[in-house]
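Structure representation (C-alpha cells):
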C-alpha cells in the first residue's frame, strides 16, 4: 500500500502519486477544478486518509489538497529547492555537536487522530526527530521524553522536574537544550525555569507550535529547526522562548523567558515580548542572529548551573474588577497562602471596597504584590491616593514585571525561603531580566 | 496679581508675561539657557506656582517652562493660529445644538494639588467646560456632576445610576451625551452601558484622559473636544469610547464600548479595539469621520432608549494559572454567586486539577463561561480533549468576547433574569457587537 518514497500515503492518493512518479520532497504542480497549486510534497502521518495530499507552498504554509480522478499532478523539473524538504533521516554524522531535546507534550508533539478528530500530545522527542530529519544536519540529537501533557496541566512540580532534566542534559555534554512545550502555559514555564536555572553555561530554548505537526500550515518544523540552531549556536546562554516572527516561515523570534506572553489564541506569531525590545531573531536562511540587547549572559561551557528547583504553590493570582467581592481575598488569607499577586487596574489600583481585606491579609502575614492588568506599561503607585494608600498598607509595587512572571517568581521565592522579608527583597531584585528599564511617561 | 489675559499666572511669571505684553492664547517664542521653545500660552490652574508658564507646542503636547530673569519672551506675530487656543468663553450661541456632559470623576476631571502632589478627581463638568472654552463653539453644553470618583471605585451600582442619568439627559433634549470617566475601569463601564442602554437615539461617548488636565502633555482638552463633536455630529448612535489615536493630537479614535481594552498603564494611546477593526476615527482638523464598520445603529432622535439598568454583582472573574488552587472555585460556588467567567489559557483551557471543582460548581447551579487570557483571538473548545471535556461539563464557550465584557454582560444578564437558561441564551447572543466575526485560523 505504501513505500518509503510516498511515506504515509495510501489508497487512492497513493496510486495517483505513484502514477505521476512523485516522491516525498518533489516539487509538484497540481491542477484541480480550475485551481492550480504548487509546492513540495510532504509525508502524511500514519493516521492520514486516502483522499488528501500535503504540500508545503512557497509562503511556508502546508496545505492539504483533496485529490480526485480529475486531478492532474506534474512533478515540476527545475523547481526551486525548498528550505525544509522532508527527506528520510540521514545517518548521524559523528562529529556534530550535541543538542538535547526534552519533550513535555503540547501541540508541537501532537498529531491529529483522524478517527476522533482529537489532537493528542502523542509524539515523543524521537518521533519529532523522525518527522524533522533535517535536524540531523544541524546537530547530534539526544532526546528525552519527560511528559506527554497538554500544557494547561503543567504544574510547579513539573517545573522542578524540567529544571532537573535540563541540568542532567547539560551535564551529559549538551551544547544547548531544547524543551518542547505546549504553548498555553509555556511562558509560565519559561519564567519558572529562568529563576530555577541560574548561571546556565548553554542556552535553554523552549519551543512550541500553534498547529500540530501534521496539520496544514504547521509551524512545528521551522520552530524546531530554529530552536535547535539557537541551542547550538546562539552566543547567549539564557532561558528563552523561540517562536515564529510573522505568520510565515523565515525568521524565528527569541523572547527572554521572563518577558514573554501568549497574546493570541491561535496565530503562529502569538508570542510577544512585553515592555522590552525583542531579545533576538534568527534568520533561518543564513542562520544569523540579530541581538537587540546589549547585556546578556554569554555562553561558557565551564560555568556551573545553579539549580534552584523548588516552588511553593501557595501563591494566588487575582484580577481586580468592578464589583469584585473582597471575600475572595479573605478566603486566600485564611487558607495558608504565602503570597498573592493582584492584577490591579491602570497604574496599580483596586477599589476601596477591597482595601480592608488587603490590610487584614497583610497583617496576617500574606505577601501582596501589585501588577497591572493593562499588561503594557508599569505600575506607579505614587500618582493617585489609591496607590499611596495601598503602599501604606504594605503592598509591593512590582514595576513592569508581567503578572504571570510575578506570580511564578513569588512561588519560586517562597520555594527558596519562607522568610517574608527575604522574599520581599527577592521580589524587588532583577534576577532574570524580569524588570526592564523604566519606560518614561510619554 | 492676575488678570483675565493671564489667567492663573501670578508673581514672577505674571510680571515677566505682562512685561512681554503676552496674553493667554498668544503664540510665544521663548529663549532660556540656550534653548528655544515655541507654542501657545495656556492658562494655569488656581494651584499653579509663580515660576512656570505653560505652552502648547506644535506636537500637541503641553510643556511647562521654568522662567527666570534670563528668560526672553517674544510674542510671535504672524504665528500660525493653533487648533486649540484657550480663550475666554464666548457667550453661548443660542442656536447651537445641545450636548450633555456627565462627570463621574477620573483623571480627565482631576487636577494636581500642588500642596500635596496628589492628583484629585476634583473638577466638575462645569470646571471642565471653563477649562476648555472652545466647547462653546461646538455645542450648547449641559453639565451634570454625578460622581467625583477615581474609576477603580466605580461599581455596578454606579453603572445603573449612569445609565439613568444618560436617559435623563437625552429626554432633556441632548443631541448626544458625553460621559467623563476615569480610564482605569472605563472599558468595564462602557461595556455595562452598552447593555444597559439599548436602542439609543443619539450617541453616548465615554471619554477620559491619561494625564490630568493641568499636567504638561495632557490629552484632556483634545479628547473632550473630540468627544463633544462625536456626541453632536457622529452618524452612529452607539455607546463608544473616544480616546487619542497616537501619542500626539490630531485624531480621536472611537472604540465600540464592548470591544475596547486599556492596554497601557500610562500612554495616551493606551486604548485598543480588540479582535475587530477600529470602529471609527474623527479627524480634529476637519471634523470628518472615517467609519470602518458597515453596520451600525444610525441616529434617530425619535427612537426611544430601552433602559435596562440592573446588574447582579455576584459574578466572578477568575484567571486560571499553573498551580491554581481549585478551592477558589469551590469558595465561589458556595457563596451564592450567580456566575463565573474563567479566563482560560489558549483556546479556552484549564488544568485537569480544577475540572472537578468546575463540575461541582455547575451542578450547584453556577453558570460558567470561558474566555481566553490571550486577549486576542477566540476560544475554540473543540480542538483538544481538555476543551471538549469542559464543554461536556456545561462550560459556555464565549467566542471572542473580551473577558471583562463577558463578566459585565453576565452581571447584566443576571440583572434581567435569574433563570440560568435565559442567561445562557443572552450570553450567546450578540447584543451590542460584543462578538465579532469569527477570525479564521491563520
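Protein chains in written order, with the numbering used here: chain R, 1 to 442; chain W, 1001 to 1442. In this text, a Cβ means the ideal position worked out from N, Cα and C, and glycines have one as well.
{"Asked": "Rounded separation between residue 1149 (chain W) and residue 385 (chain R) - CA only", "Found": "12 Å"}
{"Asked": "Backbone CA spacing between residue 85 (chain R) and residue 300 (chain R) [nearest angstrom]", "Found": "Reliability of the predicted coordinates at residue 85 (chain R) is poor, the pLDDT of 35 falling under 50, and no value is obtained from them."}
{"Asked": "Within 7 Å, strictly: CB atoms of residue 259 (chain R) and residue 280 (chain R)", "Found": "no"}
{"Asked": "Residue 499 (chain R) versus residue 326 (chain R) - alpha carbon distance", "Found": "Since the first and last residues shown for chain R are 1 and 442, residue 499 (chain R) lies out of range."}
{"Asked": "Cα-Cα separation, residue 1224 (chain W) to residue 1140 (chain W)", "Found": "14 Å"}
{"Asked": "C-alpha gap between residue 67 (chain R) and residue 5 (chain R), whole angstroms", "Found": "18 Å"}
{"Asked": "Pick from R:304, R:269, R:183 and R:424 that is closest to residue 169 (chain R), judged by C-alpha positions", "Found": "R:304"}
{"Asked": "When W:1038, W:1257 and W:1237 are compared against residue 1187 (chain W), the one with the closest alpha-carbon", "Found": "W:1257"}
{"Asked": "Whole-angstrom distance between residue 219 (chain R) and residue 74 (chain R), CA atom to CA atom", "Found": "26 Å"}
{"Asked": "Residues in the segment 143–176 of chain R having any Cβ partner in chain W nearer than 7 Å", "Found": "150, 152, 153, 154, 155 and 156"}
{"Asked": "Members of the segment 323–336 of chain R that neighbour chain W once the beta carbon cut-off is set at 9 Å", "Found": "323, 324, 325, 327, 328, 331, 332 and 335"}
{"Asked": "Residue range of the unbroken beta strand (DSSP E) whose run includes residue 1345 (chain W)", "Found": "Segment: none, residue 1345 (chain W) is in no beta strand (DSSP E) and carries neither H nor E."}
{"Asked": "Chain R residues whose Cβ lies nearer than 7 Å to that of residue 1367 (chain W)", "Found": "The premise fails here: residue 1367 (chain W) is roughly 16 Å from chain R at the closest Cβ pair, so nothing lies under 7 Å."}
{"Asked": "Short CB-CB distance (under 7 Å) between residue 351 (chain R) and chain W", "Found": "yes"}
{"Asked": "Exposure of residue 1403 (chain W), with buried meaning 16 or more beta-carbon neighbours within 10 Å", "Found": "buried"}
{"Asked": "Residue 1429 (chain W) in three-state terms, based on DSSP", "Found": "coil"}
{"Asked": "Chain-order list of residues whose beta-carbon lies under 7 Å from that of residue 1441 (chain W) (same chain, five-residue window excluded)", "Found": "Note that residue 1441 (chain W) has pLDDT 34, beneath the 50 cutoff, so the model's placement of it is unreliable and the number below is only indicative. Result list for residue 1441 (chain W): empty, nothing under 7 Å."}
{"Asked": "Other residues of its chain near residue 147 (chain R): CB distance less than 7 Å, five sequence neighbours each side excluded", "Found": "104, 105 and 158"}
{"Asked": "Members of the segment 1368–1379 of chain W near chain R, C-beta cut-off 9 Å", "Found": "1372, 1373, 1374, 1375, 1376, 1377, 1378 and 1379"}
{"Asked": "Spatial distance of residue 308 (chain R) from residue 1032 (chain W) (CA atoms)", "Found": "56 Å"}
{"Asked": "Contact set between the segment 394–427 of chain R and chain W, restricted to residues whose Cβ is under 9 Å from the partner", "Found": "400, 403, 404, 407, 408 and 411"}
{"Asked": "Contained beta strand (DSSP E) runs [length at least 3] in the segment 204–283 of chain R, N- to C-terminal order", "Found": "204–207, 239–244, 251–256, 260–262, 271–273 and 280–283"}
{"Asked": "Proximity below 7 Å, CB of residue 265 (chain R) to CB of residue 1372 (chain W)", "Found": "yes"}
{"Asked": "Proximity test, Cβ basis, 7 Å: residue 56 (chain R) and chain W", "Found": "no"}
{"Asked": "Contact under 7 Å by Cβ, residue 1185 (chain W) with residue 1154 (chain W)", "Found": "yes"}
{"Asked": "Under 7 Å between C-beta atoms of residue 254 (chain R) and residue 194 (chain R)", "Found": "no"}
{"Asked": "Cut-off 6 Å between Cβ atoms - residues of its own chain near residue 56 (chain R), not counting five sequence neighbours on either side", "Found": "39, 40, 42 and 62"}
{"Asked": "Residue 1355 (chain W), DSSP secondary structure in three states", "Found": "helix"}
{"Asked": "Backbone secondary structure at residue 1366 (chain W) - three-state DSSP", "Found": "coil"}
{"Asked": "Three-state secondary structure assigned by DSSP to residue 19 (chain R)", "Found": "helix"}
{"Asked": "Three-pair Cβ contact test at 8 Å for the segment 1282–1295 of chain W versus the segment 1416–1431 of chain W", "Found": "no"}
{"Asked": "Reduced DSSP category for residue 1336 (chain W) - H, G, I as helix; E, B as strand; rest coil", "Found": "coil"}
{"Asked": "Of the residues W:1245, W:1349, W:1233 and W:1030, the one placed nearest residue 1268 (chain W), counting alpha carbons only", "Found": "W:1245"}
{"Asked": "CA-to-CA distance, residue 198 (chain R) to residue 1221 (chain W), given in whole angstroms", "Found": "50 Å"}
{"Asked": "CB contact check: residue 1321 (chain W) to chain R, cutoff 7 Å", "Found": "yes"}
{"Asked": "Whole-angstrom C-beta distance between residue 337 (chain R) and residue 359 (chain R), which should lie under 8 Å", "Found": "Not a contact, Cβ separation roughly 16 Å."}
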